[in-house]
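Data first, discussion second: the structure below is written as structure tokens.
2 protein chains.
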Amino acid sequence: MATSSCKRQKCLSLENMNPCVKVMEYAVRGPLVIRAGEIEKELEQGVKKPFKSVLKANIGDCHAMGQVPITFIRQVLALISYTPLLDDPKFPEDVKRRAREILAGCRGGSVGSYTDSPGIEIIRKHVAEYIQRRDGGIPCDWQDVVLSAGASDGIKAVMKLLINEEGGKKPGVMVPIPQYPLYSATIAEFNMTLASYYLDEDKNWGLDIKELERAISEAKKTCNVRAIVVINPGNPTGQVLSRENIEEIIKFAYKEKLIIFADEVYQDNVYAEGSRFHSFKKVLMELGEPYNKMELASFMSASKGYMGECGLRGGYAEVINLDPNVKAMYLKSISAMLCPTVLGQAVMDCIVAPPKEGDPSYATWKKEKDSVLKSLNERAKMVANTFNSIPGIKCNTVQGAMYAFPQITLPAKAIEAAKAKGQAPDAYYAFELLERTGICIVPGSGFGQKPGTYHFRTTILPQTDKLKEMLESFKKFHTEFVKEHQ
Amino acid sequence: MATSSCKRQKCLSLENMNPCVKVMEYAVRGPLVIRAGEIEKELEQGVKKPFKSVLKANIGDCHAMGQVPITFIRQVLALISYTPLLDDPKFPEDVKRRAREILAGCRGGSVGSYTDSPGIEIIRKHVAEYIQRRDGGIPCDWQDVVLSAGASDGIKAVMKLLINEEGGKKPGVMVPIPQYPLYSATIAEFNMTLASYYLDEDKNWGLDIKELERAISEAKKTCNVRAIVVINPGNPTGQVLSRENIEEIIKFAYKEKLIIFADEVYQDNVYAEGSRFHSFKKVLMELGEPYNKMELASFMSASKGYMGECGLRGGYAEVINLDPNVKAMYLKSISAMLCPTVLGQAVMDCIVAPPKEGDPSYATWKKEKDSVLKSLNERAKMVANTFNSIPGIKCNTVQGAMYAFPQITLPAKAIEAAKAKGQAPDAYYAFELLERTGICIVPGSGFGQKPGTYHFRTTILPQTDKLKEMLESFKKFHTEFVKEHQ
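Protein sequence lines, in the order shown, are assigned to chains X and E.
11 is the number that the UniProt record's numbering gives to position 11 of the first sequence; each next residue is one higher, with no gaps.
214 is the number that the UniProt record's numbering gives to position 214 of the second sequence; each next residue is one higher, with no gaps.
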């Protein structure tokens, strides 16, 4: 009988569980981060270390690193959560107006009601207006806008539509290497094939069409390539694509019949002189026929930009030119999850429709926004400059986003030591850094890199003083590490 | 060349998209609800109808139907969103204390930071204390508690682990019929097999072990049955399982090596005299060896109960006795989604650790909670009694949850008329009800029912006056409908 065997073994084991979940990896929250958490607990318990605290430069978690929330967003949240505050004279009139407008879009006037699955209509309309302004007047249909619980949720909901084996081949998705590991994790979970293309480190992580051609002909041998992901501004690489480069990518996607996934969550984070954010939507529309009929999904988040509201889980997807039948299926498929968090939707509303000149909240909002972006700009330069001053580290300009992805030259002895420990060389380096300095970064192997090269990703998010300290400590570590492994 | 074909057809079509998404259905937000939305717009535009507004009795959306939010929850939300309010003398001390405690668990003291993927430690600990209190002291390990964005999110995250074809057979999940369509939708999306067992309408939707035996031996012919879902209190059926019944189910699951999914989101919603909520965890632990080693996942939500905070997306899963390796995979798999909304986590904290006697907020909280539950209790009785007073409608006692699932006897002519329209007979009935009265219910076919029987689900959520009106209007409709189809 089956009965007795349950005593000895579990119903669900590594052997009989979902094999796709087993292989998926998510380096931004991987073993290094788990170890960082343990070290934090050890420090709390009084264990002596050569440092006082752990510095989490592994994740783009703005407020965790001391960035201050935008007052307008938080005031609106307070008022819609606890409506008696609508009568409190402490709050500016535009905050109250906004809160009333959002509440009018909620059933029963409460943020505790479910919304339509793609989000509250008035917020979707505000998003559409924002996109239209951003793209110099190119129309945006609010019914193409679907709100989500952060960009990750939105990306997975669209990518899910591609799951379909044809002719014995899995669907493939072209993903930049280095990439943001949400993509590799999602592709693994959905049992699809990751078709990687390399970004060109020597051209500041630009995207070379020849490399796309090479990558797709390689991928076609094993899978049906259905889509291409482009992250712009780049994560983990910090580049901002030129308009010409985007045009080339669109033409390539057209030729190869690929749906474009434009991860544009860092659209507010552009620092380098001469760099500018161009949305895929705008370029595609301006290219005209036949490109302006292509299927494109663009993603935005409340977690990045100048607001950095990661914990509130706001985001949206603009999905254009879908076959109407497919769109109906897409909308049906998100309905089983009911709706994204209403408070996250409200945050997105404040982001796409911030206070205007003349509004009582405008001056504060402008000051707060500019201050965050100015400081990020300075830190972007400081990080690249400092790493480039360290022998054996080489860092591209951080044109945008919130990360640097420097290359490190590791001594042969370090590579051997890593091998002996069964670790990737850059993971070995990152673990050593963590144990000796408390600095938590993510090894390049978590994002992918050209074989034989080693990198790491660090955020530029620690506040200026902390960042200076971190970079000094990093420099000291690197010098010692190289000396020891000479 | 492939190029030209893209002009004529989309990259993604019904033919080449995810076939699992195509077949999934989610009746609670299905075509009837879409039509209800259209009618609302028509009314706004001044179209004349025999009714003034649409009454959405299709979904357990408490605040949308006029239920008032719990003050304590909303005050805490306001304070953690906009921290200057911590100094406002208007707010009670226990609200401030709670807000400070939650903020202390947030990185950088901001709800805008990511939390650990399973949620904020202090909230997980509060949940564990709540479960332990609820279960009369049976221990709960906070590390078995995983917070989620509503129960749906939590259920999908655990069910995902079961996806694995073995010996050419798909994994199967036993699900009650009638069922909550999240289960059928998720099982379809995950390409698993729904192994249905019927609840016994004649025994107030009780669960008969002989029927479980029949269902599993039937299911084993086509799939590997891995899990059993039990919804208690029942949705859409409103029954509350007896302790003896739960014991039998546990023993059955043990014998068949099934993981138990206990959907216990209505644990606060028990109305009938003599009915009491017994958690699966408690019964399983009290049964002792070998049952207390079984894998069990229990789900709770912020959306139901007396709080009804559907839009804020709070929930948790308690998952016990998992193989440690499987648990590591489970935690890894949720990490790619970063974390559930922090404000939803905070709502869950207020629910599991409400004000205590002596706290400044206690009296108000108690009054609000009791008032909601008392009114739901009255409405539960009113709904069942009224339906039973209508010839051709038969309704079981609503012992718990928020729904009635009455059986309707449809005249042969109505069944023919439905057939002619290509509709299920109960869908035809529901559409007629909607068009003539504005009342939106969900046909029984959306939840499953014994062949040849017809039902519908209505919530008991309209406030008492509205509910009376609705039931009168329903009675009039039903009488006319039967007469017309005689």
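Each residue gets a CB set at the ideal place from its N, CA and C atoms; glycine is no exception.
- In this structure, A78 of chain X sits away from L86 of chain X, with a CB-CB distance that is not shorter than 8 Å.
- The alpha-carbon of E264 of chain X is positioned some 25 Å away from that of I102 of chain X.
- It is roughly 50 Å from the alpha-carbon of E189 of chain X to the alpha-carbon of K48 of chain E.
- Between the alpha carbons of I390 of chain E and K475 of chain E lies a distance of about 6 Å.
- At a C-beta separation below 7 Å, Q463 of chain X has no neighbours in chain E, since its nearest C-beta there lies roughly 10 Å away.
- Against chain X, the CB of G137 of chain E has no partner CB under 8 Å away; the residue lies outside that interface.
- For A418 of chain E against Y428 of chain E, the beta-carbon gap comes to about 4 Å, under 8 Å, which counts as contact.
- Listed along chain E are N164, each with a C-beta nearer than 8 Å to that of P19 of chain X.
- Counting C-beta atoms within 10 angstroms of its own C-beta, I209 of chain E has fewer than 16 neighbours from the protein chains shown and is therefore classed as exposed.
- For C223 of chain E, the enclosing beta strand (DSSP E) starts and ends at 223-231.
- Here Q9 of chain E is exposed, its C-beta having fewer than 16 other C-beta atoms within 10 Å.
- For the pair A317 of chain X and S148 of chain X, the CB atoms are nearer than the 8 Å cut-off.
- Look at the stretch 168-186 of chain X: the residues with a C-beta under 8 Å from a C-beta of chain E are P181, L182, A185, T186.
- In the displayed model, S196 of chain X falls within a strand according to three-state DSSP.
- Sequence-distant partners of I177 of chain E (beyond 5 residues in either direction) whose C-beta falls short of 6 Å from its own C-beta, in its chain, are S196, Y198, G448.
- Going by beta carbons, G305 of chain E and V225 of chain E fall outside the 8 Å limit.
- D263 of chain E sits in a strand when the DSSP states are folded into three classes.
- Close CB contacts of G314 of chain X within its chain, under the 6 Å cut and outside five residues either way in sequence, are with A302, G344, V347, M348 (chain order).
- The shortest CA-to-CA distance from L338 of chain X to any of E:L32, E:D61, E:M17, E:I70 is the one to E:D61.
- Taking C-alpha positions only, L162 of chain E is separated from N16 of chain X by approximately 8 Å.
- Between the alpha carbons of I249 of chain E and I231 of chain E lies a distance of about 12 Å.
- DSSP places T464 of chain E inside the alpha helix (DSSP H), whose first and last residues are 464-484.
- Of the candidates E:I120, E:S53, E:G444, E:I120 places its Cα closest to the Cα of Q143 of chain E.
- For Y114 of chain X, the nearest CB of chain E lies under 8 Å from its own CB, placing it at the interface with that chain.
- With fewer than three CB-CB distances shorter than 8 Å, the stretch 329-338 of chain E does not count as touching the stretch 292-301 of chain E.
- Boundaries of the beta strand (DSSP E) harbouring S148 of chain X: 145-148, taken from the DSSP string.
- In this structure, the straight-line span from the alpha carbon of V383 of chain X to that of K369 of chain X is close to 21 Å.
- For V482 of chain E, the CB contacts under 7 Å within the same chain, skipping 5 residues up- and downstream, are G392, P411 in chain order.
- Ranked by how close their Cα comes to the Cα of L461 of chain X, the residues X:L376, X:G452, X:N385 have X:L376 in first place.
- In the structure shown, the three-state DSSP call for F299 of chain X is strand.
- In this model, S275 of chain E and I228 of chain X are separated by some 56 Å (Cα to Cα).
- Residue pairing by DSSP places C440 of chain E opposite E:K56 in a beta bridge.
- With a cut-off of 8 Å on Cβ pairs, the stretch 67-82 of chain E is not in contact with the stretch 117-136 of chain X, counting fewer than three such pairs.
- Annotated three-state conformation of T459 of chain E is strand, per DSSP.
- A direct Cα-to-Cα measurement between Y362 of chain E and K356 of chain E gives close to 6 Å.
- Straight-line spacing of the CA atoms in M294 of chain E and V326 of chain E works out to 14 Å.
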